[in-house]
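J.: Residue numbers (full-length UniProt numbering): 1 to 587.
C-beta: ideal position from N, C-alpha, C; glycine also.
#1: Of all the options 306, 290, 345, which has the alpha carbon lying nearest to the alpha carbon of residue 360?
#2: Quick check on residue 230: does DSSP put it in helix, strand or coil?
#3: Give the single residue among 419, 283, 545 whose Cα lies nearest to the Cα of residue 353.
#4: When the Cα of residue 249 is compared with those of 364, 286, 356, which residue comes out closest?
#5: Ignoring anything shorter than 4 residues, give me the alpha helix (DSSP H) runs that lie fully in the stretch 41-120, in order along the chain.
#6: Spatial neighbours of residue 381 within its chain, please: CB distance less than 6 Å, with the 5 preceding and 5 following residues excluded, ordered by chain position.
#7: When we look at the beta-carbon of residue 514 and count the other beta-carbons within 10 Å, is it buried (16 or more) or exposed?
#8: Less than 8 Å between C-beta atoms, sequence neighbours within five positions excluded: which residues of the same chain meet that for residue 305?
#9: Go through its chain and collect everything with a Cβ distance to residue 93's Cβ below 8 Å, but skip five positions before and after it.
#10: Is the separation between the beta-carbon of residue 237 and that of residue 491 shorter than 7 Å?
#11: What residues are listed by DSSP as bridge partners for residue 205?
#12: Smallest Cα separation from residue 89: which of 71, 61, 97?
#13: Determine the extent of the beta strand (DSSP E) in which residue 425 is found, giving its start and end residues.
#14: State the Cα-Cα distance for the pair residue 308 and residue 213, rounded to the nearest angstrom.
#15: So, with DSSP's three-state summary, where would you put residue 225?
#16: From this set, 529, 34, 142, 247, which residue's C-alpha is nearest residue 483's C-alpha?
#17: By a C-beta neighbour count over all protein chains shown, 10 Å radius and 16 as the cutoff for buried, is residue 14 buried or exposed?
#18: Which parts of the UniProt domain "SGNH hydrolase-type esterase" (437-574) are runs of the alpha helix (DSSP H), unbroken and 4 residues or longer, counting only runs that do not cross its ends?
#19: Are there three or more Cβ pairs, one per stretch, closer than 8 Å when the stretch 414-430 is compared with the stretch 381-400?
#20: Leaving out five residues on either side along the sequence, give the residues of the same chain with a beta carbon under 7 Å from the beta carbon of residue 450.
#21: Excluding the 5 residues preceding and the 5 following residue 594 in the sequence, name in chain order all residues of the same chain whose CB lies nearer than 6 Å to its CB.
#22: Let me make sure I understand the geometry here. Which of 460, 467, 517 has the alpha-carbon closest to that of residue 503?
#23: Pick from 465, 21, 218, 38: whose alpha carbon is nearest that of residue 11?
#24: Quick check: the Cα distance between residue 407 and residue 415, rounded to an integer number of angstroms?
#25: So residue 43 and residue 2 are supposed to be a Cβ contact under 8 Å. How far apart are they, rounded?
#26: Along the chain, which unbroken stretches of the beta strand (DSSP E) at least 3 residues long are found entirely within the stretch 277-362?
#27: At the level of alpha carbons, what is the spacing between residue 159 and residue 188?
#28: Got a sec, what are the start and stop residues for the alpha helix (DSSP H) residue 269 sits in?
#29: If you draw a straight line from the C-alpha of residue 578 to the C-alpha of residue 282, how long is it?
#30: What residue range is occupied by the uninterrupted beta strand (DSSP E) comprising residue 247?
#31: In whole angstroms, give me the CA-to-CA distance for residue 258 and residue 485.
#32: Quick one: any contact between the stretch 368-385 and the stretch 432-447, if contact means 3 or more CB pairs under 8 Å?
#33: Is the Cβ-Cβ distance between residue 341 and residue 463 less than 7 Å?
#34: Where DSSP assigns a beta bridge to residue 401, which residues make up the other side?
#35: In the structure shown, what three-state DSSP assignment does residue 412 receive?
#36: Could you check what DSSP says for residue 261 in three-state terms: helix, strand or coil?
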């Protein structure tokens, strides 16, 4: 008996034996056709089931007892079957594949994990507009894309040679190269029709005959060049122009007699007495006070000393019945009846104005007035009155009260005799003490800007020559920076103001001071105020001091350290800090 032949094949249909067919056995017999077809289907299905087992991924895991997972893998597979072992979240491979070879796990492949991708592709903080194309092992990027355009760190010589030899762009250059005998050290890059070489390579370095104004402007705009004459890295000048002040100080140091005078002018930093008084207190610790200097009218009522008339050295002030000219008032106007170098004057046409200074340590007092048709009178220490009748010359004049014994005195002025309606205008007063030692005075104007002093310039010489100070500190910029004015107006106004003082008193040593940052919106950056101040200082060969360089970069930090009285003005601590720096660098 023989078996039916079984072939793994899927028969589409099973034959049905007809009644008319003769049922016979044997190979090809009708009786065996159905059996052969069913046997073929059975073998086909068996082969498919076997292949499913072969294609299955056997997955195993690393355990303490099975450190690489192959023990379980070999136990769960047969000869020739693949299995994989998971490697864990921190591994560079997700799976390692092994083949069961006679009971031995032979690694044949691996599959990278998410951690592996992170390790192989480091995370770089790239801008959307600049995307790295390649990154080497040291983290350098030789090729990148800028807004979609290809860019590179450099081009090698082979690439340069290829471009040069194959690009039509260099056809003209190669034509020139054939016409001229170029040096191997100096290679012409541009040659005009007359044979002139405009640009060339010198030992591989680019060189040119010159640079035109367009390129200069492009470089100036694009590169952080400092403007001529500015030394941002040197916030303090040398003090070389302060020779007259230092000569008098040297006399005092050696015991000789000398009358050294220092003054402050500018905005409220120099009308408020805080800074000037702080420096005076330091100086008077080493030298005698020679006098009080200029006495202001206390027009600005702000600051910690506003209620006391903005006076120094304990001087008292009482005033009533006067109108005031103040050069800081906007819109700017010319003085009606003259003014002092601080841009202030008080005036009246009536008989009821009074002015009194007390606690003056003095031997002589000067009254400066604008000579009009009015009358005023004065007296010291409640003594007899002396009347001054104006001559109508419309010019600055002075009355000097001398011969006072050294001690504490008072001076009183009123307009009682002014019964004819003439105008009396006072410009300033000045007090002299022993005349041996140091005098520190102030003549600032609260709220004024540099352009406000334009109205004052014609009146500076009278005060400057009378005071004849050896050292003048000029502080301005806080009001200018906050105002809606142009930077050019600030700089030109500062220029004119410094020039006026220097012409009026050529030997006076001048120090321009840049204020520190206040708590305000600055339309002109403080750095621009600084740069202009340094340019003017260089132009006129005067000194400069950038106080902002010695303060924190914000008002908030300075204020938290207890340096500010309000959003714009220093308190006693801040004034002492500035005065100490000025004393160290210039006194």
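T.: Looking at the atomic coordinates:
#1: Its Cα nearest to that of residue 360, the residue 290 stands out among 306, 290, 345.
#2: Annotation note: pLDDT 43 at residue 230 (below 50); position unreliable, coordinate value reported separately. Residue state, collapsed to three classes: coil.
#3: Residue 353 has its Cα closest to that of 419, out of 419, 283, 545.
#4: That would be 286, whose Cα lies nearest to the Cα of residue 249.
#5: With a minimum length of 4 residues, the continuous alpha helix (DSSP H) runs that stay inside the stretch 41-120 are 70-75, 114-120.
#6: Excluding positions up to five away in sequence, the list reads 409, 410.
#7: Burial state of residue 514 is buried, judged by a 10 Å Cβ sphere holding 16 or more other Cβ atoms.
#8: Answer for residue 305: 272, 273, 274, 311, listed in chain order.
#9: Excluding positions up to five away in sequence, the list reads 87, 110, 111, 112, 113, 116.
#10: No, the pair does not count as a contact, with Cβ atoms beyond the cut-off.
#11: Bridge partners of residue 205: 202.
#12: Residue 89 has its Cα closest to that of 61, out of 71, 61, 97.
#13: It spans 424-432 - the beta strand (DSSP E) in which residue 425 sits, taken as one unbroken run.
#14: Across the structure, residue 308 and residue 213 are spaced so that their CA atoms are roughly 59 Å apart.
#15: Only weak support exists for where residue 225 lies, its pLDDT of 49 falling under 50; the value from the coordinates is given anyway. DSSP places residue 225 outside both helix and strand once states are collapsed to three, so it counts as coil.
#16: Measuring from the Cα of residue 483, the nearest candidate turns out to be 529.
#17: Using a 10 angstroms sphere on the CB of residue 14, the tally of other CB atoms stays under 16, which defines it as exposed.
#18: Listed in chain order, the complete alpha helix (DSSP H) runs (minimum 4 residues) inside the UniProt domain "SGNH hydrolase-type esterase" (437-574) are 460-467, 478-482, 487-504, 526-539, 555-560.
#19: The stretch 414-430 vs the stretch 381-400: in contact.
#20: Cβ within range, chain order: 476, 480, 490, 493, 494, 497.
#21: This structure gives no information on residue 594, because the portion of the chain shown stretches from 1 to 587.
#22: The shortest Cα separation from residue 503 among 460, 467, 517 belongs to 460.
#23: Ranking the options by Cα distance to residue 11, first place goes to 38.
#24: Those two C-alpha atoms are separated by around 27 Å.
#25: Their Cβ separation, rounded to whole angstroms, is 17 Å, which puts residue 43 and residue 2 out of contact at 8 Å.
#26: Complete beta strand (DSSP E) runs here, min 3: 289-295, 316-320, 323-326, 344-348, 354-362.
#27: Residue 159 and residue 188: Cα-Cα distance of roughly 20 Å.
#28: Boundaries of the alpha helix (DSSP H) harbouring residue 269: 268-271, taken from the DSSP string.
#29: Each residue's Cα considered, the two are about 12 Å apart.
#30: Careful: residue 247 lies outside any beta strand (DSSP E), inside the alpha helix (DSSP H) at 243-253.
#31: Whole-angstrom Cα-Cα distance: 44 Å.
#32: Between the stretch 368-385 and the stretch 432-447 there are fewer than three inter-stretch CB-CB distances shorter than 8 Å, so the stretches are not counted as touching.
#33: Yes. Within cutoff.
#34: Residue 401 pairs with 365.
#35: In the structure shown, residue 412 sits in a strand (DSSP, three-state: E or B).
#36: Reduced to three states, the DSSP call for residue 261 is strand.
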